[in-house]
Amino acid sequence: MIGQHPADLGGHGGGGPTEHANPTETQMEDFTNTHILVGEFELIEPHTLAQASESLRTHAGEAVIMAGGTDLLVGMKMEHIRTKYVISLGRISALKRVDTNSDLVIGATASIRDVAHNSVVRQQYCALAEACQSFSTMQIMVMGTVGGNLCNASPAADTAPALLALDASVHLTSGVREREIALSEFFTGPGGTVLSDGEVLEHISVPAPSLSTGSAFLKMGRVAADISKVSVAVTVVRSEDRVRQCRIALGAVASTPRRIVAAESELLGEKPTISGISKVSQLVQQAIEPITDVRSTAAYRRHLAGVLVGDAFRQAWLRAGGGEIT
Amino acid sequence: MTARTINLNVNGEHKEWSVAENDLLLTELREREGLTGAKYGCGIGECGACTVLVDGQPSLSCLVLAQSVDGCDVLTIEGLARGGELDPLQIAFLDQAAVQCGFCTPGMVLMGRALLNEIPDPTEKDVREFLKGNLCRCTGYSSIVRAILTHRR
Amino acid sequence: MVPEQQQLHSIGQATWRRDGQAKVTGAEEYVSDITLPRMWHARVLRSPYAHARIVHVDTSYAEALGAVCLTHADIPKIRYNERIVSTPPHLYRDRYVLADKARHVGEAIAAVAAPTEAAAEQALRALRVEYEVLETITDPEVAMWDGTEPIYTNVQLGDQELSIEHNIAVQRTIELGDIEHGFANSAVILEREFATSRIYHAQMETKGVVCRPESDGGITVWPTAQSIHNVRQLLGEIYSLPLHKINVKRVPIGGTFGSSIQMNSVIPICVGLTLKSGKTIKLVTTREEDMYDHVRYPSRIRLKLGATKDGLLTAGHMHALSDIGAHNTQAFAFLSVLSGWWASLYKLPAMKFEGKAVYTNKTPSCAMQGFGNPQATFAVESLMDDLADALGIDPVEFRLRNYVGLGGTFWGQGPSVQSIVLSDGVPELLEKGMEKIGWPGRPVSGSQTGRYRRGIGMARGFHTSGAGAPKPGEVIDYSGAFIKVNEDGTVDVVHALMDHGGGTLDAIAKIVAEELGIPSDRIGISPADTLTTVYDVVTHATRGVYAGGGAAHKAARKVKAILLDYASRVLGIETNALVIEPDETLGQGVIYCPSFPERRITVGALAKLCQTNSWGSIAAVESLRQVNCPPAYVAYFVEVEVDTETGSVRTVRAVIGSDCGTVVNPDLAVGQLEGGLSKGLGYALVEDNSWEQESGRLLSKGFWVDGKTPAMSESPLLEDIDTFFADSYEPSGPFGAKGIGEAATNPCAAAYGNALYNALGIRFTELPITPERIVASMVAAESGATKAVLV
Ligand SMILES: Cc1cc2nc3c(=O)[nH]c(=O)nc-3n(C[C@H](O)[C@H](O)[C@H](O)COP(=O)(O)OP(=O)(O)OC[C@H]3O[C@@H](n4cnc5c(N)ncnc54)[C@H](O)[C@@H]3O)c2cc1C
Ligand code: FES
Ligand code: FES
């Protein structure tokens, strides 16, 4: 994907083994955007998750998973990723679910658009709805998945800050062993996650928010249809006119999407004020490690992060039932 | 690599294709079927020129493996006009001069059609949101938005 | 003003464009859509290094895979310039079909062809190239230092060898009057340096070409091109083929904006492969390759202007430095037009232009919509606002006092292409524009506080209509058309002109219809190729309707004379007494005598009589060099809203007025203005194709989005864009028409700069005006750092 510039991923693809089929063949670094998909591979399209896990075990170290393919196929076309087997989750219908009965459960291959359009998500998980809606193109929203967005682990993945701020956890399975971990523990670096070889993300769960919870997501790119320069999500839980809980997460300002815990505690138990919010912004600005790249500069990202955190906080506070902050 | 036979429906016609894993839907439509209305503009999802509808959903055929459309319904721009009758949206594009070089047009028209199928009465904001990923360097987009909106009425 | 008697039946009518149905149904065939029997596919190996000598290319592995390979060794040692619009003495030749030395990342080193694209990709990966890597020079200032590695030691100018010193490709100084004297008599003098960016054309279709060998030793070529004749001539020159053995076809093009003014670099590569292998070959570039193929000329412009206290300009001095990248495609012409657009914007009693174009190891610059005009206009129109401010005169009033209008001298393509302005809608454009935007209500610059601030700004400009002039200049400019009346009264127009999508060929049909008195749906535009058309230089310089249409008009007049002659014979009426008019019920042109209306014959019946009586065909072929280059004026008024915290800019309203003479295709003309706004705001606010300084690689790595082209979300809402046309008539143009296309974008960036100045009180001198720059300037302004340099 666009967030998958070698720069973002430390010069390597988002996973998958590299292999040179032909000894006379050069691995090209530039001019790899071809009309066709040059790399050769086997496509496996299991109908159940168990089959998928089994294929993964059989081809351990030689296979990658494909959900919507909007990151993976771009990586393969651009030859950042080479692999012998592609295991597609596309035909496992159970993974497409978006379940809102109690907690929000998003199956691994639920599309960005299905989540953006879900009426419960739009009402109760505003940050997530806004993050999904902010994706740069409708076709990518239709094809791409929330699971793929997280597993691709771009620092600029848009659903990541929203889900971090909503305290999501991810459910991973290897077919033999299952585990559930907090999303905040999931990312290890650009393109890197705690997923071990053979493990699949099965679903994402987000605790249902209380009535006095509000959340918001904001993103700025160079143009609207773009990857984020900075993205911010804030969740606030209100108790009367005071902040009971607050979670702040940012994208594209560090090697992974991350929560800024140091800033979250600033307003706990307090009435939010303009100066309080600007303190939060400052703490965020101190904690992040933005870089200069093709999309923006480190200095601007730091500045913008502060502004967007303030804006997102105010928005979340309003949604939590709080008033205008003065 | 193994070629596999897949069955699909393209513009209402049943097709049986023998395709390899790394064959892309865009290339198959263009080279095998001669349906060159879907264009290569970037090959990596950034322009929308290759848009086709797969089971009614707008998809970027440059990022779809041919084998994964086994059993699907694919609609390309060539299939929009039925029996030589232009789709009303195609007429609106002509009426509003929403076509200049025309290279983005197939993608734009199909996106407009997908939108109208979903929201028959879209607002200008809906149109801009739905087509935000389709690039056009000629028109400045206004005439395209106008075409989709006037069609609504 | 439109002459009273001009009553038009075709021109000015909104019609479905002729190629529209093909385009909305996907039937239109662009180069990439062409498939021929037994066609092979080619791919190009491109240099990963910005500057490197090519020591050796080993094709043996690729050949072992069955591919045909092409390297520098296979190519005739003929240097050429891809763009042959300049006259031979002003033509700089510095390139070969395949390079012997890589001068930018992406330079074509070798090519392969194989039966399938997959096989070609494999063969490409089997090529081995040994490079000797040289110092990479990406900064034009560094390029000129003593001791910097030369990118070229010598090139060819005309038929002479020209040695290149300090990597300077061209220098040009143009001086008129005594600027020292002018500045000495000024009440105010302002000087600023402006920088404009390297942006990518981002036309939707990537370059392509198909070449088929013919049994007579010739070739047929289907290229993406703006001029089929220039492609043919260059191919003839490079491969020593006689021109009658080369047929270049006109193929619809998926946008161009200047990116195909030159013969695209892949065309001669593909032809080389065909000539070597005897195969039909198709070569289409990828988006990444295309992004490494061309950019708009960036420039640094230092501009100094003086004015009297009454607001009359006294003198101007412009220094321009342009980083042209690895090849000199048209740097000489670029410096010429830069001076020319400047000289034609405002009356300067004395002026001096000093321009330098410098080679660097970057993608070659080439013309892009407006060719030097957006760059010059950004500098001039920004400084004009500052001057108005300094003088305390309303910016619009200040412009009206100084602009080059009716009776003034306009430089249509640098100093050698000058003509007198015969039509001038500027006062109307400015007056209406002010009214529509609410000019009197605009805030005092820099007076606002608060997070969101609004500002209104304007800028004016123009583009030339063609590059014709009374005297021969440094630029070739003429068109030709062949028109024949068929035996049923329909008409074929055979014209080499390219339509880039703006509807040029529809305009040609309307012009011919208008002259012949035949309904425009009876006029056919023939498919064109170099075998069957006469020369047309190229669709550039907004010359399509004015010059290309002018040639068609001239041929149509001749055809009309022939028609009337024959009609006179049949009807027994003097030729002079006959007229032709479209008859709606008959759907035909009818020739009759107004005094004896019963003496009439349809054009169809007459043409049939000519055939059955063996009188001959009704046809004419004509060439035309226009001897004027009328300015197509444009005025922009924009209102912006700035979020001073994030630095983001929203277009609240845009008003664009155009004086294109008679409007030939009304709906498409509006489209030109709306398209101009989209590209103009991209240039002003977002687009920048940045390079890695050390490696000379594109930072975008071939990702289009990193070129930052505006999409639907950036363009203002429908109700917020207002376009209008001046009531204007160009006496030298076909039915009063002049150009529009390139003019539509030229003043846009300056209008945004001026609106931002009005909102924030900060002058932006560097494009694009990104949120990063806005935020940084706000911080700097608070510490009082950026004020105009008063000399
Ligand atoms: C033109 C374009 C625009 C884009 N715009 C945006 C944008 O605005 N915002 C944004 O955040 N992203 C954007 N993206 C990136 C991409 O679309 C998203 O990251 C998307 O959500 C990825 O989902 P997918 O299903 O397509 O993932 P895939 O490509 O299928 O997979 C991505 C990675 O995750 C792994 N993976 C996927 N699912 C699982 C699983 N269940 N278990 C384990 N591993 C898995 C894959 O192996 C692969 O490495 C854009 C991409 C393109 C091409
Ligand atoms: S070609 Fe598929 S999005 Fe550009
Ligand atoms: S009409 Fe040319 S790109 Fe849209």
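Protein sequences, first through last, are from chains A, B and C.
Residue 190 in the numbering used here sits at position 187 of the first sequence, and the numbers go up by one each step.
Residue 1041 in the numbering used here sits at position 105 of the second sequence, and the numbers go up by one each step.
Residue 708 in the numbering used here sits at position 727 of the third sequence, and the numbers go up by one each step.
We put the beta carbon where it would ideally sit given N, CA and C, even for glycine.
At least three beta-carbon pairs within less than 8 Å, the segment 173 to 190 of chain A to the segment 82 to 100 of chain A: With a cut-off of 8 Å, the segment 82 to 100 of chain A and the segment 173 to 190 of chain A do not count as touching, because too few Cβ pairs lie within range.
Residue closest to Thr295(C), alpha-carbon to alpha-carbon, out of Gly321(C), Ala168(C) and Asp274(C): With distances taken between Cα atoms, Thr295(C) lies closest to Ala168(C).
For Trp323(C), the three-state DSSP class (helix, strand or coil): helix
Gln776(C): first and last residue of the uninterrupted alpha helix (DSSP H) it sits in: What the structure shows of chain C is the stretch from -18 to 772, and residue 776(C) is not part of that stretch, so it cannot be assessed.
Short CB-CB distance (under 8 Å) between Arg225(A) and chain C: yes
Cys610(C) versus Lys452(C), Ala548(C) and Asp624(C), residue with shortest Cα-Cα distance: Lys452(C)
Residue nearest to Gly992(B) in terms of C-alpha spacing, selected from Pro1058(B), Leu1046(B), Lys1061(B) and Tyr1077(B): Leu1046(B)
Distance cut-off 7 Å: Cys729(C) Cβ against heavy atoms of ligand 3: Within 7 Å of the C-beta of Cys729(C) there is not a single heavy atom belonging to ligand 3.
Span separating the alpha-carbon of Arg84(C) from that of Ile84(A): 30 Å
Extent of the continuous beta strand (DSSP E) to which Thr52(C) belongs: Val49 to Thr52
Same chain, Cβ closer than 6 Å to Ala48(C), five either side skipped, listed in chain order: Listed in chain order, the non-local C-beta contacts of Ala48(C) below 6 Å within the same chain comprise Val93, Ala95 and Ala104, local neighbours out to five positions each way being set aside.
Beta-carbon neighbours of Glu957(B), restricted to chain A and to distances below 9 Å: Simply Leu40, Glu43, Phe44, Glu45, Leu46 and Val89.
Test item: CB-CB of Ala227(A) and Lys1061(B) under 8 Å: no
Partners in chain C for Ile1055(B), counting only beta-carbon separations shorter than 8 Å: Result: empty, since nearest Cβ-Cβ is about 16 Å, beyond 8 Å.
Under 8 Å from the C-beta of Val77(A): neighbouring residues of chain B: Ile980, Gly981 and Leu999
Range covered by the alpha helix (DSSP H) that runs through Glu133(A): Cys129 to Gln136
At least three beta-carbon pairs within less than 8 Å, the segment 457 to 477 of chain C to the segment 512 to 519 of chain C: yes
C-beta neighbour in chain C for Val287(A), strict 8 Å: False, the Cβ-Cβ gap to chain C never drops below 8 Å.
Under the three-state DSSP convention, the category Gly14(A) falls into: At Gly14(A) the pLDDT is 30, less than 50, meaning the model places this residue with poor confidence and gives no usable figure here.
Any non-hydrogen atom of ligand 3 within 7 Å of Gly272(A) CB: Between ligand 3 and Gly272(A), a heavy atom-to-CB distance of less than 7 Å is absent.
Any alpha helix (DSSP H) of 4 or more consecutive residues that is wholly inside the segment 247 to 315 of chain A: 264 to 267 and 277 to 290
Arg(-2)(C) beta carbon near ligand 3 (any heavy atom closer than 7 Å): no
Euclidean distance between Cα positions of Asp536(C) and Ile504(C): The sequence given here has Ala at residue 536(C), not Asp. Straight-line Cα distance between these residues: approximately 14 Å.
Backbone CA spacing between Glu789(C) and Ala736(C) [nearest angstrom]: Outside the displayed range of chain C (-18 to 772) lies residue 789(C), so it cannot be described from this structure.
Within chain A, partners of Lys975(B) - CB distance below 9 Å: Result: empty, since nearest Cβ-Cβ is about 11 Å, beyond 9 Å.
Cβ neighbours of Gly324(A) in the same chain (closer than 8 Å, five flanking residues each side left out): Leu214, Ser215, Gly217 and Arg241
Rounded C-alpha distance that separates Arg240(C) from Asp271(C): The sequence shown places Ser at residue 240(C), not Arg. Taking the straight line from one Cα to the other gives about 10 Å.
The segment 637 to 644 of chain C contacting the segment 489 to 499 of chain C, beta-carbon criterion three pairs below 8 Å: no
Within 9 Å of chain C by C-beta, residues of the segment 1071 to 1084 of chain B in sequence order: Leu1071, Cys1072, Arg1073, Cys1074, Thr1075, Gly1076, Tyr1077, Ser1078, Ser1079, Ile1080, Val1081 and Arg1082
Inter-residue Cα distance where the pair is Asn25(A) and Glu44(C): The predicted model places Asn25(A) with a pLDDT of 41, which falls under 50 and marks its position as unreliable; any figure quoted below should be read in that light. Counting only the Cα atoms, Glu44(C) lies some 15 Å from Asn25(A).
Per-residue burial, Val946(B) [other beta carbons within 10 Å of its own, 16 or more giving buried]: Under this definition Val946(B) is a buried residue.
Cut-off 6 Å between Cβ atoms - residues of its own chain near Arg1049(B), not counting five sequence neighbours on either side: Leu1025
Three-state class that DSSP yields for Gln214(C) in the structure shown: In this structure, Gln214(C) counts as helix in the three-state DSSP scheme.
Beta carbon proximity, Gly984(B) to chain A, threshold 8 Å: yes
Any non-hydrogen atom of ligand 2 within 7 Å of Gly7(C) CB: no
Local conformation of Cys574(C) per DSSP, three classes: strand
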